[in-house]
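Quick notes on the structure that follows.
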Amino acid sequence: MASCHLTRAKHLSHVSSLRSTISFKDCQNFKKKDLMKRNMKSQYESTSWGWNTKSKEKEMFEQSAWYLIVRESVSNLPVAFSHFRFDIDFHYEVLYVYEIQVEEDYRGKSIGKFIMETLERLCIQSKMEKIILTVFKQNQGARRFFREVMEFKLDESSPADTSEEHFDYEILSKKYG
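Every number in my numbering is 374 more than the matching position in the sequence shown, counting from 1.
Laid out in structure tokens, this is it:
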């Protein structure tokens, strides 16, 4: 099981009781699907995608899934995670961020920014051409975070609304190299 411990990383120095791990399946005891459901079920239900617990669980446990997990150092309880994959997207080698979820009590502590900056470094070190993610248009906080704080741009693969079709999401990316 591959893992990389980043204890007391500089962006989390003000929250010194946290540590992070990047792993492939270091999550058997981590009920990430519960955090995902708490944070996102209502978002999904208000879109044309809807919420499907079995489908989401299957996606989260596929062999290609990797996780960056932020845990409380003393209790070892997870407080945030990102589900990501290395993939090919429209002929680009990409790090695709499927999920980034932070427990409510830990929001506003730069944990999301730390996770995304860690994934960006991983993307660069792995020589991926870009980091990419999907965000619901209705989730204004997430859109603002990715566009303004993390400086992501609308990806060329993002579908455009037309008079006949409306999309509930947009695809954002940041290119490297």
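Cβ coordinates follow ideal geometry from the N, Cα and C atoms, glycine included.
Separation of residue j from residue i, as counted between CA atoms
{"i": "I506", "j": "L451", "result": "28 Å"}
{"i": "E431", "j": "A454", "result": "17 Å"}
{"i": "D347", "j": "G482", "result": "Missing from the structure shown is residue 347; the chain here goes from 375 to 551 and no further."}
{"i": "Q512", "j": "Y418", "result": "10 Å"}
{"i": "V471", "j": "M434", "result": "12 Å"}
{"i": "S547", "j": "S449", "result": "35 Å"}
{"i": "F464", "j": "K549", "result": "13 Å"}
{"i": "M524", "j": "Q499", "result": "18 Å"}
Reduced DSSP secondary structure (H/G/I, E/B, other) of residue i
{"i": "R412", "result": "helix"}
{"i": "D542", "result": "coil"}
{"i": "K548", "result": "strand"}
{"i": "L392", "result": "strand"}
{"i": "E488", "result": "Sequence inspection shows Phe at residue 488; the Glu mentioned does not correspond to that position. DSSP places F488 in helix when its eight states are reduced to three."}
{"i": "E517", "result": "Here residue 517 turns out to be Arg, not Glu, going by the sequence shown. Here R517 sits in helix by DSSP."}
{"i": "T427", "result": "helix"}
{"i": "Q417", "result": "helix"}
{"i": "E522", "result": "helix"}
Sub-8 Å separation of residue i and residue j beta-carbons
{"i": "Y480", "j": "H457", "result": "no"}
{"i": "W423", "j": "K415", "result": "no"}
{"i": "D535", "j": "F510", "result": "no"}
{"i": "V444", "j": "L493", "result": "no"}
{"i": "M502", "j": "V468", "result": "yes"}
{"i": "K544", "j": "S532", "result": "The identity of residue 544 in the sequence shown is Glu, whereas the question assumes Lys. Yes. Within cutoff."}
{"i": "E477", "j": "L409", "result": "yes"}
{"i": "Y466", "j": "K504", "result": "yes"}
Residues that DSSP places opposite residue i in a beta bridge
{"i": "E467", "result": "I462"}
{"i": "E477", "result": "Paired residue(s): none; E477 is not in a bridge."}
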